[in-house]
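Worksheet for the structure shown next.
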Amino acid sequence: METQKSSLAVGQYLQSHRDEIARMLLDLVAIPSVTGDEGAVQDAIAVLMRDRDLEVDVWEARPDEIAPYLTHVGDQDVWEGRPNVVGRLAGSGGGRSLMIQGHVDVVDPGDPALWTRQQWGEIADGRVYGRGAADMKSGIVAYLAALDALRATGTELQGDLLLAASVGEENGGLGALSTILRGHRADAVIVTEPTGLALVLAQGGSLVFRVTVTGRAVHGANRNAGVSAVDKYIPIHQALLAWEAERNRTLSHPLYDHLGNKFPISVGVVRAGTWASTVPETLVAEGRLGFLPGETIEGMQRQTEEVIARVAEDDPWLRDHPPLVEWVGGQFASAEVSPEAPIARTVAAAHRQVTGEKPSVVGITAGTDARLFTEIGKMPTVVYGAGEIMTAHGPDEYAPIDQLLTATQTIAMTIANWCGTRPET
Ligand SMILES: [Zn+2]
Numbered sequence: 001m002e003t004q005k006s007s008l009a010v011g012q013y014l015q016s017h018r019d020e021i022a023r024m025l026l027d028l029v030a031i032p033s034v035t036g037d038e039g040a041v042q043d044a045i046a047v048l049m050r051d052r053d054l055e056v057d058v059w060e061a062r063p064d065e066i067a068p069y070l071t072h073v074g075d076q077d078v079w080e081g082r083p084n085v086v087g088r089l090a091g092s093g094g095g096r097s098l099m100i101q102g103h104v105d106v107v108d109p110g111d112p113a114l115w116t117r118q119q120w121g122e123i124a125d126g127r128v129y130g131r132g133a134a135d136m137k138s139g140i141v142a143y144l145a146a147l148d149a150l151r152a153t154g155t156e157l158q159g160d161l162l163l164a165a166s167v168g169e170e171n172g173g174l175g176a177l178s179t180i181l182r183g184h185r186a187d188a189v190i191v192t193e194p195t196g197l198a199l200v201l202a203q204g205g206s207l208v209f210r211v212t213v214t215g216r217a218v219h220g221a222n223r224n225a226g227v228s229a230v231d232k233y234i235p236i237h238q239a240l241l242a243w244e245a246e247r248n249r250t251l252s253h254p255l256y257d258h259l260g261n262k263f264p265i266s267v268g269v270v271r272a273g274t275w276a277s278t279v280p281e282t283l284v285a286e287g288r289l290g291f292l293p294g295e296t297i298e299g300m301q302r303q304t305e306e307v308i309a310r311v312a313e314d315d316p317w318l319r320d321h322p323p324l325v326e327w328v329g330g331q332f333a334s335a336e337v338s339p340e341a342p343i344a345r346t347v348a349a350a351h352r353q354v355t356g357e358k359p360s361v362v363g364i365t366a367g368t369d370a371r372l373f374t375e376i377g378k379m380p381t382v383v384y385g386a387g388e389i390m391t392a393h394g395p396d397e398y399a400p401i402d403q404l405l406t407a408t409q410t411i412a413m414t415i416a417n418w419c420g421t422r423p424e425t
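Residues 1 to 425 (our numbering) are what the sequence shown spells out, left to right.
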């Protein structure tokens with residue numbers, strides 16, 4: 001029962017440092033770091049790592065190294081002033097290595113009038129509020145506080161521990177990819193995104209598409225002589241939604257079957273026409289299509305093109321003027337780790353040790369950096385952290401402090417159990 005004893009000691013340390021841990025999160029939230037502008041917060045995180053005597057690597061991703069992977073992470077408007085940070089704690093030898101990773105960029109907080117709390121940080125009601133409080137500066141604080149707790153309770157690790165803070169997750173994962181290309185590796189990875197303490201083993205893929213439909217412009221007063229690109233697009237839209245419904249009915253995955261929509265297809269932009277009284281000659285629709293672990297980018301692109309081609313075959317105009325389907329922006333693969341994977345079992349066991357309950361084990365429809373570590377880095381990766389994802393990207397985003405401490409304790413015990421600890425002498 002040695003680990004039970006150390007779990008209790010870690011829990012006591014965290015409870016007695018509750019205010020400091022919340023304050024560390026508040027301080028990071030107070031440094032705005034909207035994607036593309038992560039320099040200042042990374043400087044602060046590098047200081048936090050150096051204060052903890054980690055061997056710290058700071059570097060910026062370069063366009064030439066990313067170029068072969070552009071479809072995986074999307075292109076960047078800004079490359080400079082966006083350092084990635086990895087802090088390494090060398091183990092005493094003989095244990096497994098572990099990387100714990102979080103992204104430091106946040107999405108724009110939007111209209112302050114929609115927030116009832118401070119956008120860049122406020123503590124109230126046992127919660128830390130602010131943009132990035134949940135997604136996911138909470139995850140950065142969790143791994144730093146976990147390390148503090150292990151040290152304070154006299155734990156010495158055998159395997160290496162790498163703590164990674166990455167830029168550019170919200171628009172595709174630039175920093176995580178660069179961390180992999182930089183050669184930072186471990187026997188497993190935990191991404192501490194806000195999962196509300198669920199253990200996430202799978203994430204859906206997503207493809208961004210653009211459909212261009214051609215019509216024929218005439219004066220609206222004479223519309224029957226023209227062809228409306230809007231009218232021609234409507235059956236395409238309906239076919240995409242019918243396909244989404246059919247896929248939901250016919251495809252099954254144990255980590256996704258609880259969801260109302262396992263593969264959302266969402267058209268986010270529709271632009272058509274140039275003038276109210278002119279029949280529109282062009283319509284451009286752009287959307288995002290989700291898919292399951294096990295399905296491939298190429299297979300999903302082909303199936304989408306087939307759905308749209310079938311609509312065109314049934315329409316004399318579209319037969320002669322086939323809609324153009326393009327794959328623009330990020331094309332993100334799905335990823336999955338087996339529940340039997342050693343890292344999945346270790347996190348689940350630590351969660352159980354800390355909370356007395358099994359974690360809920362799920363898949364998510366969104367993408368995270370985990371897919372890059374799994375698919376490109378070939379490192380088994382799970383996602384686990386504090387904070388309700390439902391408040392991420394919205395007003396009054398928050399992380400509950402109790403949940404942050406629970407996640408931190410689970411992470412501390414995962415580190416100890418995974419990396420191994422030096423036997424007491
Ligand atoms: Zn996130």
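A virtual CB, placed ideally from N, CA and C, is assigned to each residue, including glycine. None of the values given here were measured: they were computed from a predicted structure.
If you count every other CB in all the chains shown that lies within 10 Å of the CB of residue i, and 16 or more means buried, which is it?
i              : result
asparagine 84  : buried
tryptophan 59  : exposed
threonine 274  : exposed
glycine 215    : buried
alanine 46     : buried
arginine 50    : exposed
lysine 137     : buried
glutamate 65   : exposed
leucine 240    : buried
threonine 425  : Low confidence applies to threonine 425: its pLDDT is 45, below 50, so where it sits in the model is not reliable, and the reading given next is rough at best. Threonine 425 should be labelled exposed.
glutamate 80   : exposed
alanine 176    : buried
isoleucine 234 : exposed
alanine 124    : exposed
aspartate 369  : buried
alanine 225    : exposed
leucine 114    : exposed
threonine 296  : exposed
arginine 82    : buried
proline 68     : exposed
glutamine 238  : exposed
serine 16      : exposed
leucine 324    : exposed
valine 200     : buried
arginine 127   : buried
alanine 90     : exposed
histidine 219  : exposed
lysine 358     : exposed
glycine 11     : buried
Since residue i is in the beta strand (DSSP E), which residue starts that stretch and which ends it?
i              : result
histidine 393  : Per DSSP, histidine 393 belongs to no beta strand (DSSP E) and is neither H nor E.
tryptophan 59  : 55-60
threonine 212  : 205-214
alanine 124    : 122-124
leucine 162    : 161-166
valine 270     : 265-272
isoleucine 401 : No beta strand (DSSP E) holds isoleucine 401; the alpha helix (DSSP H) holding it covers 401-419.
valine 191     : 189-191
arginine 127   : 127-129
For the alpha helix (DSSP H) containing residue i, list its first residue and its last residue.
i              : result
glycine 139    : 138-152
asparagine 248 : 229-250
aspartate 43   : 39-51
arginine 422   : It is not in any alpha helix (DSSP H) - arginine 422 carries neither H nor E in the DSSP assignment.
glutamate 170  : No alpha helix (DSSP H) holds glutamate 170; DSSP gives it neither H nor E.
tryptophan 21  : Checking the displayed sequence, the identity of residue 21 turns out to be isoleucine instead of tryptophan. Taken as a continuous stretch (DSSP letters only), the alpha helix (DSSP H) holding isoleucine 21 covers 18-29.
Are there any heavy atoms of ligand 3 lying less than 8 Å away from the beta-carbon of residue i, as far as the coordinates show?
i          : result
serine 252 : Here the bound small molecules are ligand 1; ligand 3 is not part of this structure.
Compare the C-beta of residue i with all C-beta atoms of chain B and state if any pair is closer than 9 Å.
i             : result
glutamate 122 : This model lacks chain B altogether, as it is built from one protein chain only.
Runs of beta strand (DSSP E) wholly within the region 60-108 (minimum 3 residues, chain order): If we require 3 residues or more, the beta strand (DSSP E) runs fully inside the region 60-108 come out as 83-89, 98-103.
query: Around ligand 1, what residues have a beta-carbon under 6 Å from a heavy atom of it, in chain order?
result: His103, Asp135, Met136, Glu169, Glu193
contact_flag[the region 382-397, the region 353-371] where n(CB pairs < 8 Å) is 3 or more: Inter-segment contact for the region 382-397 and the region 353-371 is present: three or more beta-carbon pairs are separated by less than 8 Å.
- prompt: What are the uninterrupted segments assigned as alpha helix (DSSP H) that are 4 or more residues long and contained completely in the region 320-387, given in chain order?
  reply: 342-355, 370-375
- request: Enumerate, from N- to C-terminal direction, the unbroken beta strand (DSSP E) stretches of 3 or more residues contained entirely within the region 274-304.
  value: 282-291
- prompt: Just checking, does the region 65-77 make contact with the region 367-382 on the three C-beta pairs under 8 Å criterion?
  reply: yes
- prompt: Are three or more beta carbon pairs between the region 243-257 and the region 221-235 nearer than 8 Å?
  reply: no
- request: Could you say if the region 99-109 and the region 179-192 meet the contact criterion of at least three C-beta pairs nearer than 8 Å?
  value: yes
query: Hey, is the region 201-213 in contact with the region 332-339, meaning 3+ C-beta pairs nearer than 8 Å?
result: When C-beta atoms of the region 201-213 are compared with those of the region 332-339, three or more pairs fall below 8 Å, so the two segments count as touching.
message: With a threshold of 8 Å, are at least 3 pairs of Cβ atoms found where one atom belongs to the region 102-116 and the other to the region 162-173?
response: yes
message: Does the contact criterion of 3 or more C-beta pairs under 8 Å hold for the region 283-298 versus the region 261-271?
response: yes
message: When you compare the region 136-153 with the region 410-425, are there three or more beta-carbon pairs, one atom per stretch, that lie closer than 8 Å?
response: Contact between the region 136-153 and the region 410-425 is present, because at least three Cβ pairs lie under 8 Å.
- request: Taking 8 Å as the threshold, find out whether the region 15-32 comes into contact with the region 396-408 through three or more Cβ pairs.
  value: yes
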